[in-house]
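First up is the structure itself, then whatever we jot down about it.
2 protein chains.
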Amino acid sequence: MSIDPSLIRILTVDDHPLLRKGIAALVNTEDDMKLVAEASSGEEAIEKFRACRPDVTLMDIQLPGLNGIESLSQIQREFPDAKVIVLTTYSGDIQVVRAIKAGARGYLLKRQVHRELLETIRAVHAGQRRIPQEIAVELVDHPRDDLTPREIDVLRLIAGGNANKEIADLLSIGEASVKSYVANILSKLDAKDRAHAVTIGLKRGIIEL
Amino acid sequence: MSIDPSLIRILTVDDHPLLRKGIAALVNTEDDMKLVAEASSGEEAIEKFRACRPDVTLMDIQLPGLNGIESLSQIQREFPDAKVIVLTTYSGDIQVVRAIKAGARGYLLKRQVHRELLETIRAVHAGQRRIPQEIAVELVDHPRDDLTPREIDVLRLIAGGNANKEIADLLSIGEASVKSYVANILSKLDAKDRAHAVTIGLKRGIIEL
DNA sequence: CTTCGCCCCCTCCATTTGGGGGATCTATAG
DNA sequence: CTATAGATCCCCCAAATGGAGGGGGCGAAG
């Protein structure tokens, strides 16, 4: 029962069973990799990580519920040398910045993946970082301030079709405050109006549908 | 080289290679199914369909580029007895209605899929239809008119942060026309304002990010 | 301690939206 | 032919928006 030191033990985290199956199928055709666990939520990811101590973790950041980045940070806190590769569907995503800040070693778009996935797993396992150029550009293009929690609240309510006054009531603040939040949001997101802000917020993963 | 009549020959259409791999892995563990082709775009789907004449086609409707529903309709036109199951990520989706109108025999959310996928494949292959309740409810809740092409144009431009006057210029029509389109959009989508319309449009799959 | 960021509140005002109407014209379906 | 649906345009008007200022408190980080 000795452990082959060259065998890369992998944990996958994704809420789509089919995607996990796809990763499993891909990984298990490789001699030097082995899928040791799967998780479908942030909480489960943390549990499975504790239990298995995988060499490399492949993690979707847009998980149902609240976490994704959260569970990534927590894993990093507990296991500072955890090697996590983030998988995502969309590229233009502020989540990327957060993921990298939270300690992700690699970043991949679900779309490309084939060779890249295997290469990235091996590179990250070898201690390297793999952030695709496409994403690095994003980081330069949008060094923009992240929205504050309150601003995100407001943006979410905007997306829900609430007028400033309604937002004010819902948040128990004055309409004037809402207006200044909206102004900040538009400025930070470089949006032309609230509808545009919604589009950008969704694109960047600041809010969800 | 005789063809086993009980063997269900399957074509998968999805732009995510990993997802196709997942489906492949799942399908190939079943004795009565065989994956005979894969496509990653609408055009490719049509080609592959012509070439392979699969018994059942699993198709994602949110394909890159323009098609999805388009290629489904085209396949149905050419091969009226084609059995297509539509796969999608999100549920609240007007695409569903279109897909069903276009001749889809089954409808599945990527999320659930496991048993359901196999069951649905077999059911559809046997000539049945499989529209989950969850979706059927949508159809009742939103028997709403689909947006007209022009309205969709306008909605897309709204999402891009364009003011009515800008939309008018971009479409080379009068601002008054834009205003009436916007009014129609708000009414049809049951949206409170343009920002809300964007949210709903994205949720229903009328427009994309 | 002092600064800075976040959060809250305010006023004034031009511009834009959105909700009522209604009116042509064209193409297509019954 | 007639009805229907889509695309285009028009008016009026109340309400909301967004852009420009301003101020103040509070907590964390320097």
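Those protein sequence lines, which keep their order, are chains A and B.
Taking the working numbering as reference, the numbering of the first sequence is continuous, increasing by one, and the terminal residue is 209.
Taking the working numbering as reference, the numbering of the second sequence is continuous, increasing by one, and the terminal residue is 1209.
Beta carbons are placed, not taken as given, at the ideal position from N, Cα and C, and that holds for glycine.
Query                                                                                                                    : Result
A:G174, buried or exposed, once every other Cβ within 10 Å from all chains shown has been counted against 16             : exposed
Helix, strand or coil at B:A1082 [DSSP, three-state]                                                                     : coil
The region 1051–1067 of chain B: positions lying closer than 7 Å to chain A by Cβ                                        : none
Under the three-state DSSP convention, the category B:I1008 falls into                                                   : strand
Chain B contacts made by the region 143–168 of chain A, where a contact means CB separation under 8 Å                    : I158, A159, G160, G161, N162, A163
Through-space distance from A:L35 to A:I10, alpha-carbon basis                                                           : 5 Å
Contacts of A:R115 in chain B (Cβ-Cβ under 8 Å)                                                                          : Result: empty, since nearest Cβ-Cβ is about 10 Å, beyond 8 Å.
Any chain A beta carbon closer than 8 Å to B:A1195                                                                       : yes
In chain order, each alpha helix (DSSP H) run of at least 4 residues that lies wholly inside the region 43–79 of chain A : 69–78
Beta carbon proximity, B:P1132 to chain A, threshold 8 Å                                                                 : no
Residues near A:A281 by beta carbon distance below 6 Å, same chain, minus five either side                               : Since the displayed chain A opens at 1 and closes at 209, residue 281 of chain A lies outside it and no answer follows.
Neighbour list for B:D1015 in chain A, Cβ cutoff strictly below 8 Å                                                      : R111
Reference B:D1193, options B:A1176, B:L1170, B:G1205, B:L1155, closest by Cα                                             : B:L1155
With 16 other Cβ atoms within 10 Å as the buried cut-off, status of B:M1001                                              : The pLDDT assigned to B:M1001 is 49, lower than 50, so where the model puts this residue is not dependable; a value taken from the coordinates is nonetheless given after this. Classification for B:M1001: exposed.
DSSP-derived helix/strand/coil call for B:R1130                                                                          : strand
Chain B contact for A:G174 (CB, 8 Å cutoff)                                                                              : no
A:K34 - partner residues in DSSP beta bridges                                                                            : A:R9
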